[in-house]
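Engineer:
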Amino acid sequence: MSLTDREQLAIDQARVLLRESGVWDLEDDLSCLIDRYIERANKNRALDEFMLAVKERCNRIPLGHIVGTVEFDSMPLVVGSGVFIPRHHSKVIHKWLEASPVLKSGTIVLDLCAGSGAIGLAIARRRPDLKVTCVEVDEIAIQYLKRNVDRLANLGIQANHMQADILNTRAFTQFKNQVGLIVANPPYVPQFQELLPEWSNHHPKASVYSGTDGLELIRQIILLASELLSLEGWLAIEHGEEQAIAVRDLFEQRGFTNTQTIIDKETSDASGSSVMTTGCKSY
Ligand SMILES: C[S@@+](CC[C@H](N)C(=O)[O-])C[C@H]1O[C@@H](n2cnc3c(N)ncnc32)[C@H](O)[C@@H]1O
Numbered sequence: 023m024s025l026t027d028r029e030q031l032a033i034d035q036a037r038v039l040l041r042e043s044g045v046w047d048l049e050d051d052l053s054c055l056i057d058r059y060i061e062r063a064n065k066n067r068a069l070d071e072f073m074l075a076v077k078e079r080c081n082r083i084p085l086g087h088i089v090g091t092v093e094f095d096s097m098p099l100v101v102g103s104g105v106f107i108p109r110h111h112s113k114v115i116h117k118w119l120e121a122s123p124v125l126k127s128g129t130i131v132l133d134l135c136a137g138s139g140a141i142g143l144a145i146a147r148r149r150p151d152l153k154v155t156c157v158e159v160d161e162i163a164i165q166y167l168k169r170n171v172d173r174l175a176n177l178g179i180q181a182n183h184m185q186a187d188i189l190n191t192r193a194f195t196q197f198k199n200q201v202g203l204i205v206a207n208p209p210y211v212p213q214f215q216e217l218l219p220e221w222s223n224h225h226p227k228a229s230v231y232s233g234t235d236g237l238e239l240i241r242q243i244i245l246l247a248s249e250l251l252s253l254e255g256w257l258a259i260e261h262g263e264e265q266a267i268a269v270r271d272l273f274e275q276r277g278f279t280n281t282q283t284i285i286d287k288e289t290s291d292a293s294g295s296s297v298m299t300t301g302c303k304s305y
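Position in the sequence shown (from 1) plus 22 gives the number in the numbering used here.
1. Ends of the beta strand (DSSP E) at K153?
2. Using only alpha-carbon positions, find the residue among N190, G104 and R173 that is nearest to E161.
3. Please list, in chain order, all residues of the same chain as A144 whose beta carbon is under 7 Å from its beta carbon, the five residues on each side excluded.
4. Mapping the DSSP letters down to three states, classify C135 as helix, strand or coil.
5. Taking just the CA atoms, how far does L253 sit from T299?
6. If you run the structure through DSSP and keep just helix, strand and coil, what is I179?
7. Using DSSP with H/G/I as helix, E/B as strand and the rest coil, what is N223?
8. Assuming V196 contacts E158 (C-beta within less than 8 Å), just tell me the rounded distance between them.
9. How is L203 classed by DSSP in three states: helix, strand or coil?
10. Roughly how many angstroms separate the alpha carbons of D50 and Q165, rounded to a whole number?
11. Among N66, G102, H110 and D133, whose alpha-carbon lies nearest the alpha-carbon of L257?
12. Once the 5 residues before and after A18 are set aside, which same chain residues still bring their CB inside 7 Å of it?
13. Any contact of the stretch 255-274 with the stretch 233-241, i.e. 3+ C-beta pairs under 8 Å?
14. Where does N207 land, buried or exposed, given buried means 16+ other C-beta within 10 angstroms?
15. What did DSSP end up calling I285 once you bin it into helix, strand or coil?
16. Go ahead and pull the three-state DSSP assignment for D291.
17. Is any heavy atom in ligand 1 found nearer than 6 Å to the beta carbon of V101?
So, in structure tokens, the structure goes:
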């Protein structure tokens, strides 16, 4: 296959970079990457792989787990088995942020229950002047989170990652009264609720379910936020449509004001509604 000058230049640069990084099987790795990302010429093999992928999808394996990446808010994120696939529903948070609270440059932002980092990284992309930290506890999910943070740093998107359990309040002492915005798409499905197989069978249970009423982690996030947010800091949590009243009550019980639930029809689809509640810490 003939290569363009640009392709040849990229391959030459790649060879140098791989050598410098200490990769031991340089030429094999390089030819695999060329085959995958530049040539894609072996049509027979491509067709076999296509049919294998279609069959996996028919078994309701999430598309992101099959193809290994997902596009979220114009960012290519690495995903795979063991991590929650970001849903475009979460863009409700970014739309709200563009329309609502004015965050000063340098404001600390936490994305709790970050999974692959989609929500926090999208904030970092849109607002490079904020200090975003994505927090995740799961051993597998944190690997994807770290990879995405490192990969996107190459595109100029800067965020931090932190492995911590949001149930362990002491792990967050450094943030006490320091945070201007906390966002979260936590697990919020009641334990016995039936879901599409993509979620019930092919996602880690701890990324989807949260106690009998689905609110266990949401309660903890509201409690943690009441300690970590600075005065007039904001909290935004995604949840199920039928949980709206209960979630607003929980916000108000902890003293949050200006609470509102937003249902975004544009980003809702057959797999569920796009719903979030926001509130401001005012005490
Ligand atoms: C619904 S997924 C959302 C992931 C990501 N925010 C997104 O929208 O793609 C919830 C995430 O919360 C994480 N999680 C569950 N319990 C947690 C805990 N106690 N502390 C921190 N993260 C937790 C799960 O591992 C999972 O990655």
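Glycine is no exception: its CB is placed at the ideal position from the N, C-alpha and C atoms.
Structural biologist: Let me lay it out:
1. K153 to E158
2. G104
3. F94, D95, M97 and H116
4. coil
5. 18 Å
6. coil
7. coil
8. Per the sequence shown, the amino acid found at residue 196 is Gln instead of Val. So it is not a contact: roughly 17 Å between Cβ atoms.
9. strand
10. 25 Å
11. D133
12. Outside the modelled stretch of the chain, which goes from 23 to 305, sits residue 18, for which no answer is possible.
13. yes
14. buried
15. strand
16. strand
17. no
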